[in-house]
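**Q**
Residue numbers (our numbering): 7 to 502.
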């Protein structure tokens, strides 16, 4: 058996789709640790693979009748409401109607008839309820009201004596029955839980190990501000918050993604110390000969090129950038994303309606280690997040990637990113969701791009902090503090 300490990363996803987890795996391998990763998928069979020397085991969840029934119940609840509390809920309802319509077209017989009827009735409901909501108050006032209302509902649920997260998310209990024995068999020295979903599972595994006389360290990596996930139904946000609250103080260490989120976690749970901040910094390497950068891929030579790189959903606010293009003559927008979902299709339709579709370009993700080089010949990097408690404390992957690529940033006024942009003068800030404000901020950067790039180049300390090598050093310091000297043979990949 290896003399190296063993770390097991637990995720509530399929591991391979989570860039933060993959970077941790690489860092732990470089430290000489023996590394395993366990995850779960709800969209297909499980699998086992090897990633850079790490055994990855992902458990599949059968899609039985009860689960399909629950899925249909959620779909119906998304559409049929007395009111939509936010633009996100309205958009989710419209998206569900679109999916019903598309699914009806793809099937025949009774299924086609049922789905078609749902789509027709849903379209009428969305039109009526959405129209009522749109007349009620302005967007900015409504968003503030929605967030506060969501928080009140979450807090109210948490004070109910009969409220239990296990009843709201029973699949997490089932996950533990499947994954718990496998985790026990790996006999980890460190259980490192990414995101809240597997936190109880990790804590229970540590208890079982200690009962058998093994000392196991439990680390919790909070990727998001769970209490502030206003895109989730209040009951679900409350369930995850309760789960987090039951375990977080019992962990040996807490890590998170930004200083504001670290402070929020400490205040919410009265933690004895502020969580360690490990930024979502990019892990980079040099490309092979013939690698094509963004401009070559989208076919934009000398024109100004804005880039949004990352997942796309309503709350990401990418539509703000598209709505601004009619006011930004000759400016192109590249959206680098991993899948063409309902939201992406709606953005394409919006671009056509506005007559700017020839200046909007979609392209796929590249190897995560090549993102910085891929983006470097764009003109401006965009972070278009809409305001929410979770977004307000976020420092995103793309934000770090843009600065590593030397790109000036135009960001919405989510406080964590706004403060960095204003402190270092590396871009401009606009009011989230406000097209006119976005246009002004973008014009300001385009008018003086060289000055912004020069400031970014001079901020060597900031740019080093935003490398994965710097973040990996923090992780190693934490692990050494928890389990003592790391005994394995160190390796090096040459990544930055």
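The C-beta atom is built at its ideal place from N, Cα and C for all residues, glycine as well. These numbers come from a predicted model, not from an experiment.
Give me the Cα-Cα distance between residue 254 and residue 431, rounded to the nearest whole angstrom.
**A** Between residue 254 and residue 431, the C-alpha separation is close to 36 angstroms.
**Q** For the pair the segment 205 to 216 and the segment 237 to 245, tell me if three or more CB-CB distances fall below 8 angstroms.
**A** The segment 205 to 216 vs the segment 237 to 245: no contact.
**Q** Do the CB positions of residue 226 and residue 174 come within less than 9 angstroms of each other?
**A** No, Cβ-Cβ distance for residue 226 and residue 174 is not below 9 angstroms.
**Q** Is it buried or exposed, residue 220, if we count other Cβ atoms within 10 angstroms and call 16 or more buried?
**A** Burial call: exposed.
**Q** Straight-line CA distance for residue 104 to residue 313?
**A** Whole-angstrom Cα-Cα distance: 27 angstroms.
**Q** Mind the definition here: the segment 168 to 188 touches the segment 55 to 62 only if three or more C-beta pairs lie below 8 angstroms; say whether that holds.
**A** Judged by Cβ distances under 8 angstroms, the segment 168 to 188 makes no contact with the segment 55 to 62, as fewer than three pairs qualify.
**Q** Return helix, strand or coil for residue 182, following the three-state DSSP convention.
**A** Of the three classes helix, strand and coil, the one that applies to residue 182 here is helix, per DSSP.
**Q** Could you pull the start and end residues of the beta strand (DSSP E) that residue 389 belongs to?
**A** It spans 386 to 389 - the beta strand (DSSP E) in which residue 389 sits, taken as one unbroken run.
**Q** Please tell me whether residue 472 and residue 406 are closer than 9 angstroms, where the distance is taken between their beta carbons.
**A** Yes, the Cβ-Cβ distance between residue 472 and residue 406 is below 9 angstroms.
**Q** Please report the distance separating the alpha-carbon of residue 168 from that of residue 162.
**A** Going by the C-alpha atoms only, they are around 12 angstroms apart.
**Q** Along the chain, where does the beta strand (DSSP E) that runs through residue 227 open and close?
**A** Element bounds for residue 227: 223 to 228.
**Q** Below 8 angstroms CB to CB, which residues in the same chain sit around residue 461 once its five sequence neighbours on both sides are set aside?
**A** Contacts found: 430, 431, 432.
**Q** Assign residue 278 to buried or exposed, taking buried as 16 or more other Cβ atoms, counted over all protein chains shown, within 10 Å of its Cβ.
**A** Under this definition residue 278 is an exposed residue.
**Q** Can you tell me whether residue 143 is buried or exposed, with buried defined as 16 or more other CB within 10 angstroms of its CB?
**A** Only weak support is given to the placement of residue 143: the predicted model assigns it a pLDDT of 44, under 50, and the value that follows is read from those uncertain coordinates. The residue is exposed, with fewer than 16 neighbouring Cβ atoms inside 10 Å.
**Q** Could you have a look at residue 53 and say whether DSSP puts it in helix, strand or coil?
**A** In this structure, residue 53 counts as strand in the three-state DSSP scheme.
**Q** Please look up how many angstroms separate the CB atoms of residue 64 and residue 197, rounded, as I've assumed it's under 8 angstroms.
**A** So it is not a contact: roughly 17 angstroms between Cβ atoms.
**Q** Got a sec: is the Cβ-Cβ distance from residue 394 to anything in chain C below 9 angstroms?
**A** The displayed structure is made up of one protein chain only, and chain C is not part of it.
**Q** Reducing DSSP to helix, strand and coil, say where residue 141 ends up.
**A** Since pLDDT at residue 141 reaches only 48, below the 50 mark, its modelled position is unreliable, and the value read off the structure follows with that caveat. Residue 141: coil per DSSP, three-state reduction.
**Q** Quick one: what's got a C-beta closer than 6 angstroms to residue 443's C-beta in the same chain, skipping five residues either side?
**A** Taken in chain order, the residues that qualify are 436, 437.
**Q** Can you give the Cα-Cα distance for residue 492 and residue 475, rounded to whole angstroms?
**A** Approximately 18 angstroms, taken between the alpha carbons.
**Q** Excluding the five sequence neighbours on either side, which residues of its own chain have a C-beta within less than 7 angstroms of the C-beta of residue 147, listed in chain order?
**A** With a pLDDT of only 48 at residue 147, under 50, the local geometry of the prediction cannot be trusted, and the value read off the model is given with reservation. For residue 147, where only same-chain residues beyond five positions count, there are no Cβ hits under 7 angstroms.
**Q** Identify whether residue 394 lies in helix, strand or coil by the three-state DSSP scheme.
**A** Note: residue 394 maps to coil in three-state DSSP.
**Q** Measuring only the C-alpha atoms, how far is residue 264 from residue 399?
**A** Taking the straight line from one Cα to the other gives about 7 angstroms.
**Q** Near residue 549, which residues of its chain fall below 6 angstroms by C-beta distance, leaving aside the five closest residues on each side in sequence?
**A** No information on residue 549 is available, as it lies outside the stretch 7 to 502 that the chain covers here.
**Q** So residue 497 and residue 36 are in contact, right, with Cβ under 8 angstroms, and what is the actual spacing, rounded?
**A** Confirmed, Cβ separation roughly 5 angstroms.
**Q** Straight-line CA distance for residue 24 to residue 228?
**A** So the two alpha carbons sit approximately 13 angstroms from each other.
**Q** Could you check how far apart the C-beta atoms of residue 299 and residue 380 are, in whole angstroms? I think they sit under 8 angstroms.
**A** 6 angstroms between Cβ atoms; contact.
**Q** Assuming residue 67 contacts residue 48 (C-beta within less than 8 angstroms), just tell me the rounded distance between them.
**A** Going by Cβ atoms, the distance from residue 67 to residue 48 rounds to 5 angstroms, so yes, they are a contact pair.
**Q** Return the residue from the list 305, 477, 346, 414 that minimises the CA-CA distance to residue 454.
**A** That would be 414, whose Cα lies nearest to the Cα of residue 454.
**Q** Can the beta-carbon of residue 223 be found closer than 9 angstroms to that of residue 486?
**A** Cβ atoms of residue 223 and residue 486: not closer than 9 angstroms.
**Q** Per DSSP, which residues does residue 235 bridge with? Please list them.
**A** For residue 235, which the question treats as bridged, DSSP gives no partner whatsoever.
**Q** Could you compute how far the alpha carbon of residue 286 sits from the alpha carbon of residue 404?
**A** Those two C-alpha atoms are separated by around 9 angstroms.
**Q** Let's see if you can read the secondary structure: which residues bound the alpha helix (DSSP H) around residue 6?
**A** Summary: the structure shown does not reach residue 6, with the chain confined to residues 7 through 502, and so no result is reported for it.
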